[in-house]
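S.K.:
2 protein chains.
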Amino acid sequence: MTQNDNRAVLLLSGGMDSTTLLWWMQTQGIDEIHTIAIDYGQRHRVELEFSEKLSQMANARSHRILKLDLTQIGGSPLTDGTKTVPSAHDKQQINTVVPYRNMLFVTLASAWAETQNISHIYLSPVKDDFEAYRDCRRDFYNALENALSLGATQDTSINIHTPFVDKWKTEVVQIGLKLNVPYAYTHTCYEGLRPACGHCDACAERIHAFKTNQTTDPLAYQ
Amino acid sequence: MTQNDNRAVLLLSGGMDSTTLLWWMQTQGIDEIHTIAIDYGQRHRVELEFSEKLSQMANARSHRILKLDLTQIGGSPLTDGTKTVPSAHDKQQINTVVPYRNMLFVTLASAWAETQNISHIYLSPVKDDFEAYRDCRRDFYNALENALSLGATQDTSINIHTPFVDKWKTEVVQIGLKLNVPYAYTHTCYEGLRPACGHCDACAERIHAFKTNQTTDPLAYQ
């Protein structure tokens with residue numbers, strides 16, 4: 087980034103990946119980091135509280151919660167309380183997809199960023215997401231950057247940064263452990279439980295990531 | 087469109103352009119037309135009532151109102167009651183831009199369409215919008231189509247149809263007059279007034295379009 091646009095917006099869900107990204111961004115000499123969490127009607131909306139807390143802990147310049155009701159779209163147990171969240175051994179991760187969730191989040195964040203004259207958006211897809219979630223792949227973000235640049239109010243270049251897109255969650259946690267990310271304050275469980283359920287797909291991935299790093303997850307499980 | 091995907095979603099604001107598009111689509115042999123209006127906190131939200139009425143008059147297969155609060159983004163008098171809507175002679179049309187409004191609308195409509203296995207989205211940018219609104223240009227929609235296709239849950243091709251993008255509003259009204267579009271039920275005024283204000287940018291464009299077609303707008307003005 088040049089001197090003039092050394093300001094960025096981060097989509098901070100309050101999960102492990104985006105929180106690690108926030109701590110990592112602080113090592114990159116970015117002058118202003120503005121965090122945004124999206125209240126989309128998620129079952130695990132407890133993550134919104136942790137997102138705000140983590141933004142404060144990192145001394146981000148601002149934090150806001152934007153509302154975007156995806157329960158009106160349906161199609162996923164993450165936004166539909168009547169559907170069952172698949173457990174890890176079901177291998178049904180694709181069923182948790184909320185159509186265009188990341189695209190809507192990035193575009194909404196970009197809309198706010200435009201009002202602040204900010205053109206750098208960060209988010210944290212990781213390699214583990216690649217298979218089930220097509221909107222976590224870099225070729226998608228290249229296309230989205232292009233659409234956002236062409237659709238901006240003024241002729242400009244929008245940059246979507248996904249520095250962890252080629253890293254496994256295990257590697258992300260390795261980075262975070264070195265940066266002393268306060269993982270006890272991150273939220274992962276798709277069921278929205280604290281202590282965490284330990285059985286859903288998200289919990290299973292998290293537990294695996296800590297185990298591979300030969301350390302203990304500071305989070306409480308049921 | 088092939089036999090199998092002869093179903094479409096139309097973003098129907100209840101304005102002249104999208105209403106004409108709805109009537110035009112009915113001449114194109116599309117089996118199912120589903121209309122969507124977006125409640126984005128617009129000052130002229132009276133258009134939502136007209137959109138629903140017009141969908142019914144056209145016997146569309148379904149109509150739904152999706153909520154997407156853009157007042158939380160700000161930046162435009164269309165979503166900020168404290169800002170003044172520019173009048174036509176101010177030549178400040180660009181100030182009415184809501185950042186990424188069309189991109190968010192198309193993506194949200196595509197999310198619902200995906201749950202219905204529909205891959206054709208229609209909307210009605212016109213040539214008059216080209217100068218002030220970069221998100222009304224076809225090169226933007228080509229980029230958006232690409233992003234939507236790459237970001238879809240399954241490998242698929244999303245088609246964004248903008249049949250009026252190279253037509254002036256005057257030509258769109260000409261088409262609509264031949265198709266007996268009930269223009270008395272469309273809403274245009276940015277101020278949200280019925281009878282319409284007659285002075286805002288949107289009213290001025292509408293009045294001009296009817297005058298050029300040497301006919302009288304059936305709408306009441308103050």
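Chains as they are written, first to last, in this note's numbering: chain A, 87 to 308; chain B, 87 to 308.
Built from N, CA and C at the ideal position, the CB exists for glycine as well.
Where DSSP assigns a beta bridge to residue 29 of chain B, which residues make up the other side?
M.R.: Residue 29 of chain B lies beyond the range of chain B shown here (87 to 308); nothing can be said about it.
S.K.: Do residue 101 of chain A and residue 274 of chain A have their C-beta atoms within less than 8 Å of each other?
M.R.: yes
S.K.: Is it the case that the stretch 119-127 of chain B contacts the stretch 185-197 of chain B, given that we only count it when at least three CB pairs across the two stretches are under 8 Å?
M.R.: Contact holds: three or more Cβ-Cβ distances are below 8 Å.
S.K.: Can you give me the start and stop residues for the beta strand (DSSP E) that residue 246 of chain A sits inside?
M.R.: 245-247
S.K.: Just the C-alpha distance for residue 113 of chain B and residue 205 of chain A, rounded to the nearest angstrom, thanks.
M.R.: 43 Å
S.K.: When you compare only the Cα positions, how much space is there between residue 90 of chain B and residue 213 of chain A?
M.R.: The pLDDT assigned to residue 90 of chain B is 49, lower than 50, so where the model puts this residue is not dependable, and the model offers no usable value.
S.K.: In angstroms, rounded to a whole number, what distance separates the CA positions of residue 292 of chain B and residue 285 of chain B?
M.R.: 10 Å
S.K.: Taking Cβ-Cβ distances shorter than 9 Å, what residues in chain A pair up with residue 159 of chain B?
M.R.: 152, 194, 197, 198, 200, 201
S.K.: Does the beta-carbon distance from residue 104 of chain A to residue 210 of chain A come in below 8 Å?
M.R.: yes
S.K.: When the Cα atoms are used, what is the spatial distance from residue 117 of chain A to residue 97 of chain A?
M.R.: 17 Å
S.K.: Within the continuous beta strand (DSSP E) that includes residue 95 of chain B, where are the two ends?
M.R.: Where residue 95 of chain B is concerned, the enclosing beta strand (DSSP E) stretches over 93-97.
S.K.: What is the DSSP secondary structure of residue 283 of chain B, reduced to helix, strand or coil?
M.R.: Three-state result, residue 283 of chain B: coil.
S.K.: What does a CB cutoff of less than 8 Å around residue 308 of chain A pick up in its chain, not counting 5 residues either side in sequence?
M.R.: Apart from sequence neighbours up to five positions away, the residues of its chain that approach residue 308 of chain A with a beta-carbon distance below 8 Å are 279, 281, 282, 283, 284, ordered along the chain.
S.K.: Would you kindly check if the distance between the Cβ of residue 250 of chain A and the Cβ of residue 237 of chain B is under 8 Å?
M.R.: no
S.K.: Under DSSP, the beta strand (DSSP E) around residue 208 of chain A begins and ends at which residues?
M.R.: Element bounds for residue 208 of chain A: 206-208.
S.K.: Assign residue 115 of chain A to one of two classes, buried (16 or more other C-beta atoms within 10 Å of its C-beta) or exposed (fewer than that).
M.R.: exposed
S.K.: Taking residue 232 of chain B as the query, report the chain A residues whose CB atoms sit under 8 Å from its CB, ordered along the chain.
M.R.: One finds 229, 232, 233 in chain A with Cβ atoms closer than 8 Å to the Cβ of residue 232 of chain B, taken in chain order.
S.K.: Using the DSSP secondary-structure output, state which residues sit across from residue 307 of chain B in a beta bridge.
M.R.: B:282
S.K.: At the 8 Å Cβ level, is residue 252 of chain B part of the contact set with chain A, yes or no?
M.R.: no
S.K.: For the stretch 234-245 of chain B, which residues have a CB atom closer than 9 Å to at least one CB atom of chain A, in sequence order?
M.R.: 234, 235, 236, 237, 238, 239, 240, 241
S.K.: Is DSSP giving residue 277 of chain B helix, strand or coil here?
M.R.: Residue 277 of chain B carries a coil assignment under DSSP once its states are collapsed to helix, strand and coil.
S.K.: Where does residue 232 of chain B land, buried or exposed, given buried means 16+ other C-beta within 10 angstroms?
M.R.: By the 10 Å Cβ count, residue 232 of chain B comes out buried.
S.K.: Given a limit of 7 Å on CB to CB distance, which residues of the stretch 214-228 of chain A reach chain B?
M.R.: 220, 221, 225, 226
S.K.: In chain A, which residues lie less than 7 Å from residue 189 of chain B when you measure between Cβ atoms?
M.R.: 193, 233, 237
S.K.: Is residue 221 of chain B near the ligand ATP - that is, is its Cβ less than 7 Å away from at least one heavy atom of it?
M.R.: The model on display carries no ligand, and the ligand ATP is accordingly not part of it.
S.K.: Look at the alpha carbon of residue 270 of chain B and the alpha carbon of residue 240 of chain A, and state the distance between them as a whole number of angstroms.
M.R.: 35 Å
S.K.: Helix or strand or just coil, what does DSSP make of residue 130 of chain B?
M.R.: The answer is coil: DSSP assigns residue 130 of chain B none of H, G, I, E or B.
S.K.: Give the DSSP bridge partners of residue 119 of chain B, in chain order.
M.R.: B:94
S.K.: Less than 8 Å between CB atoms is the rule here; does residue 186 of chain B satisfy it with respect to chain A?
M.R.: yes
S.K.: Rounded to a whole number of angstroms, what is the C-alpha to C-alpha distance between residue 298 of chain B and residue 203 of chain A?
M.R.: 40 Å
S.K.: At 9 Å on the CB atoms, spell out the chain B contacts of residue 155 of chain A, in chain order.
M.R.: The answer, in chain order, is 152, 153, 154, 155.
S.K.: With a threshold of 7 Å on Cβ separation, who are the neighbours of residue 288 of chain B within its own chain once the five nearest residues in sequence on each side are excluded?
M.R.: Here the set comprises 274, 275, 276.
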